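Okay, structure first, notes after.
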């Protein structure tokens with residue numbers, strides 16, 4: 002057990018998948034979350050689906066580039082195969098409208114780059130503590 006980590010956190014270790022083709026970005030996000038969550042770095046949708054057969058993620062941080070390569074239908078495919086998983090999309094720009102498209106396709110929210118460590122942790126924490134029937138408000142709406 003790590004020093005300074007609450008026993009409840011160790012017992013209830015939640016799984017977060019960080020899916021992006023950028024290895025440096027994945028590593029940075031994984032490092033950001035590793036104290037409170039078991040974070041897994043994955044480079045593609047195929048890797049994600051294979052890993053999900055072993056470990057069901059609680060949260061899927063999904064990069065815009067992965068969705069663009071596979072299409073918006075990828076969000077519904079992930080939800081069909083991992084129905085309890087919350088999907089948070091990382092978009093290049095909030096103003097592009099792609100985040101809203103992802104939410105309309107079934108994602109639970111989105112964050113825009115550049116990202117702050119606190120914002121990522123806050124959003125993951127919020128998604129994991131939200132009641133099952135709650136509504137997630139896109140971050141762009143909160144910043145308006």
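In my numbering, the protein residues as written are 2 to 145.
All C-beta atoms in this analysis are idealised placements derived from N, C-alpha and C, irrespective of residue type, glycine included.
Quick caveat: nothing in here was measured; it's all calculated off a predicted structure.
Q. What is the rounded straight-line gap between the Cα of residue 129 and the Cα of residue 16?
A. 10 Å
Q. Residue 90 to residue 36, Cα distance in whole Å?
A. 21 Å
Q | Inside the segment 41 to 102 only - alpha helix (DSSP H) runs reaching at least 4 residues | A | 46 to 53, 65 to 71 and 74 to 82
Q.
Just to confirm before moving on: does the CB-CB distance between residue 45 and residue 22 stay below 8 Å?
A. yes
Q) With contact counted as at least three CB pairs below 8 Å, one residue from each stretch, are the segment 87 to 102 and the segment 45 to 56 in contact? A) no
Q.
Within a Cβ cutoff of 8 Å, which residues of the same chain sit near residue 135, ignoring the five residues on either side of it in sequence?
A. At residue 135, the pLDDT of 43 sits below 50, so the modelled position is not reliable; the number obtained from the coordinates is stated separately. Here the set comprises nothing.
Q) Just to confirm, are residue 20 and residue 80 a CB contact at a threshold of 8 Å? A) no
Q | Classification of residue 86 by the beta-carbon crowding that lies within 10 angstroms, buried from 16 upward | A | buried
(Q) Tell me the DSSP secondary structure of residue 106 in three-state form. (A) coil
(Q) If you follow the alpha helix (DSSP H) that residue 15 is in, where does it begin and where does it stop? (A) Here residue 15 belongs to no alpha helix (DSSP H); instead the beta strand (DSSP E) covers 15 to 20.
Q: Figure out for me which residue from 68, 39, 32 and 18 has the closest Cα to the Cα of residue 107.
A: 68
Q) How is residue 116 classed by DSSP in three states: helix, strand or coil? A) coil
**Q.** Sub-8 Å separation of residue 122 and residue 112 beta-carbons
**A.** no
Q | Cutoff 6 Å; reference residue 39; Cβ partners in own chain excluding five residues on either side | A | 14 and 16
Q) Can you check whether the CB of residue 48 is closer than 8 Å to the CB of residue 31? A) no
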